[in-house]
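One structure is given here, and the rest of the page talks about it.
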Amino acid sequence: GTVRMLDVRVGDAGAAGLARLRRRIGYVPQALAERSELPLTLREVVAVGRTGIAGLGRPLGRDDWRRVDVWIDRLGLGPCAGAAYADLSGGEQRKGLIAKAMVQDPEVLLLDEPTANLDLAWRERLVETLETLFREVRLTVVLVCHELEVIPSCCGRLVLLEDGRVTADGPPEAVLGAERLTRLYGADLEVLHRGGRFTVVPRQEAPA
Numbered sequence: 014g015t016v017r018m019l020d021v022r023v024g025d026a027g028a029a030g031l032a033r034l035r036r037r038i039g040y041v042p043q044a045l046a047e048r049s050e051l052p053l054t055l056r057e058v059v060a061v062g063r064t065g066i067a068g069l070g071r072p073l074g075r076d077d078w079r080r081v082d083v084w085i086d087r088l089g090l091g092p093c094a095g096a097a098y099a100d101l102s103g104g105e106q107r108k109g110l111i112a113k114a115m116v117q118d119p120e121v122l123l124l125d126e127p128t129a130n131l132d133l134a135w136r137e138r139l140v141e142t143l144e145t146l147f148r149e150v151r152l153t154v155v156l157v158c159h160e161l162e163v164i165p166s167c168c169g170r171l172v173l174l175e176d177g178r179v180t181a182d183g184p185p186e187a188v189l190g191a192e193r194l195t196r197l198y199g200a201d202l203e204v205l206h207r208g209g210r211f212t213v214v215p216r217q218e219a220p221a
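In terms of the working numbering, the sequence shown opens at residue 14 and continues consecutively.
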């Protein structure tokens with residue numbers, strides 16, 4: 014088979030081509046503390062994302078640092094820019110990783126369960142952040158998640174996977190049917206849709 018990303022045949026790209034492709038994709042991993050053991054400030058962690066533009070081993074220039082500060086402020090992290098990354102809350106660390114991805118000016122933002130292990134308040138803040146990025150930056154956002162509640166209202170396409178296979182692909186309203194999810198999860202479920210957001214609850218039997 015052939016794997017294509019952003020119209021690039023991955024198998025034929027070569028090392029230089031793959032490096033250019035990586036710069037076009039901003040990636041936010043699920044793990045929060047991948048580098049939190051290092052004594053880095055939030056600003057320094059975000060700046061790591063700019064090395065793909067400046068070049069590995071080259072010092073960042075004034076414009077690079079300006080871009081770093083723009084995204085730190087844009088995501089509401091200005092007050093903790095100089096704080097140790099390891100000391101930040103889970104939500105602040107996750108926003109920092111989004112800023113780190115965005116400073117490379119990607120065409121696609123890929124997020125792997127960005128709300129994992131966050132409380133309800135931070136979960137909603139992250140969803141609002143993604144919706145703002147989609148509206149204002151107009152980049153493609155690919156979100157991997159298990160919780161339907163975190164699907165942003167701006168989502169235009171949903172792909173449902175089961176055992177590694179695509180079982181549904183289309184607008185969220187068409188994909189998230191109660192019958193399909195009941196079969197997928199093995200529980201009698203009801204899908205609630207309000208304000209562009211989705212919630213799944215167990216179906217309640219009518220009282221006798």
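Beta carbons: idealized from backbone N, C-alpha and C, even for Gly.
Pick from the options that is closest to residue i, judged by C-alpha positions
i	options	result
Leu173	Gly183, Ser102, Leu101 and Cys167	Gly183
Gly208	Arg178, Val163 and Glu175	Val163
Tyr40	Leu171, Ala112 and Phe147	Ala112
Arg151	Ile85, Cys167, Val140 and Val58	Cys167
Val59	Arg80, Asp76, Gln43 and Ala44	Arg80
Asp76	Arg63, Asp86 and Arg87	Arg63
Ser102	Leu146, Val157 and Leu131	Leu131
Phe211	Thr195, Pro185 and Val154	Pro185
Pro119	Cys93, Ala96, Leu146 and Trp135	Leu146
His206	Ala44, Glu218 and Leu189	Leu189
Glu57	Leu90, Thr153, Arg36 and Asp25	Leu90
Leu143	Leu88, Leu55, Glu218 and Ala94	Leu88
Residues that residue i bridges to, as DSSP identifies them
i	result
His206	Phe211
Arg22	Arg17
Ala10	There is simply no residue 10 to check, as the chain begins at 14 and stops at 221 in what is shown.
Tyr40	Leu123
Under the three-state DSSP convention, the category residue i falls into
i	result
Glu218	coil
Glu47	Note that Glu47 scores 49 on pLDDT, short of 50, meaning its location in the model is unreliable and no value can be drawn from it.
Ala32	helix
Ala97	strand
Glu57	helix
Thr128	coil
Rounded separation between residue i and residue j - CA only
i	j	result
Asp20	Gly65	20 Å
Gly104	Glu160	17 Å
Arg107	Val121	17 Å
Ala200	Gly109	37 Å
Val214	Glu192	13 Å
Leu124	Val116	15 Å
Glu47	Arg196	In this prediction, Glu47 scores a pLDDT of 49, lower than 50, which makes its location untrustworthy; no coordinate-derived value is stated.
Ala134	Arg216	26 Å
Ile85	Gly74	17 Å
Arg35	Ala114	11 Å
Problem - Inside the region 155-179 only - beta strand (DSSP E) runs reaching at least 3 residues - result: Correct list: 171-175.
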